[in-house]
């Protein structure tokens, strides 16, 4: 399951959990707060190689998730813990013809006792760069372990997907060019994270 699909399912379930009545009363959704003084700053560098044309725009986002589910109460109906998540936009700036950079903070969400069950600690799930071309969103992601491990992530996309841009869809790419019928008719998007001092 892709990051986007996983988060969409989780957020839908979370919404249900926070609005289901418990003993006749609706559960209140806590206001997730941003850390006013984040310090764990990372720069995300994104490079495009071999794209058959330009993109309309590039933007992105970083997804966060509570790392200690014990701080979240169980749902009154399902009897399970639905872990809260939060999405924060990322602004990418063009630094060359094929390179873009954005900034994220690993500690952007405020750790706090949101439910009365102890402090919830938030962690990054992953950061996504969205390259928009008409109705297609080329959407590679770099996950927490690769961010902290300073490992480059490369995703491959087919020229055919770029050319068929009138069909609305999200293309998350493949790990290898060989995943496509014509590996030579592909382009790549590379993501790499670098820690920056506050």
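Numbering (mature numbering (1 follows the signal peptide of the UniProt record, and there is no 0)), first residue to last: -24 to -1, 1 to 174. Where is the CB? At the ideal position from N, CA and C, for every residue including glycine. No experiment lies behind these values; they were computed from the predicted model shown.
Exercise for the section: Could you tell me how far apart the beta carbons of residue 133 and residue 142 are, in whole angstroms, since I believe they sit closer than 8 Å? Expected result: The residue given as residue 133 occupies position 157 in the chain shown. The residue given as residue 142 occupies position 166 in the chain shown. For a cut-off of 8 Å, the C-beta gap from residue 133 to residue 142 is around 17 Å, too long to register as a contact.
Problem - Segments of 3+ residues assigned as beta strand (DSSP E) that fall wholly inside the segment 119 to 154 - result: You should have 129 to 134, 145 to 147.
Problem - Identity of the residue in 166, 151, 87 nearest residue 128 by Cα - result: To locate residue 128, count along the chain shown from 1; it is residue 152. The option with the nearest alpha carbon to residue 128 is 166.
Problem - Assigned exposure category for residue 54 - 16 Cβ within 10 Å defines buried - result: The residue you call residue 54 lines up with position 78 of the chain shown. Its Cβ having fewer than 16 others within 10 Å, residue 54 is exposed.
Exercise for the section: Keeping to the same chain, check which residues put their C-beta closer than 7 Å to that of residue 171; ignore five residues upstream and five downstream. Expected result: On the chain shown, position 195 is the one that residue 171 refers to. Same-chain partners within the cutoff: 18.
Problem - Three-state class that DSSP yields for residue 27 in the structure shown - result: Along the chain shown, one-based indexing puts residue 27 at 51. Here residue 27 sits in coil by DSSP.
Problem - For residue 45, three-class secondary structure by DSSP - result: Taking the first residue of the chain shown as position 1, residue 45 is located at position 69. If DSSP states are grouped into helix, strand and coil, residue 45 belongs with the helices.
Exercise for the section: Please classify residue 164: does DSSP put it in a helix, a strand, or coil? Expected result: Translated into positions along the chain shown, residue 164 becomes position 188. Taken through DSSP and simplified to helix, strand or coil, residue 164 comes out as strand.
Practice task
Reducing DSSP to helix, strand and coil, say where residue -2 ends up.
Solution key: Counted from its first residue, the chain shown places residue -2 at position 23. With a pLDDT of 32 at residue -2, under the threshold of 50, the modelled position of this residue cannot be trusted, and the question is left open.
Exercise for the section: Report the residue from 27, 31, 67, 76 whose alpha carbon sits nearest the alpha carbon of residue 162. Expected result: Residue numbering aside, residue 162 sits at position 186 when the chain shown is read from its first letter. Residue nearest to residue 162 within the set 27, 31, 67, 76 is 27 (criterion: CA-CA distance).
Practice task
Below 8 Å on the Cβ atoms is my guess for residue 35 versus residue 106; work out the distance and round it to an integer in Å.
Solution key: If you number the chain shown from 1, residue 35 lands on position 59. If you number the chain shown from 1, residue 106 lands on position 130. About 5 Å separates the beta carbons of residue 35 and residue 106, which is inside the 8 Å limit, making them a contact pair.
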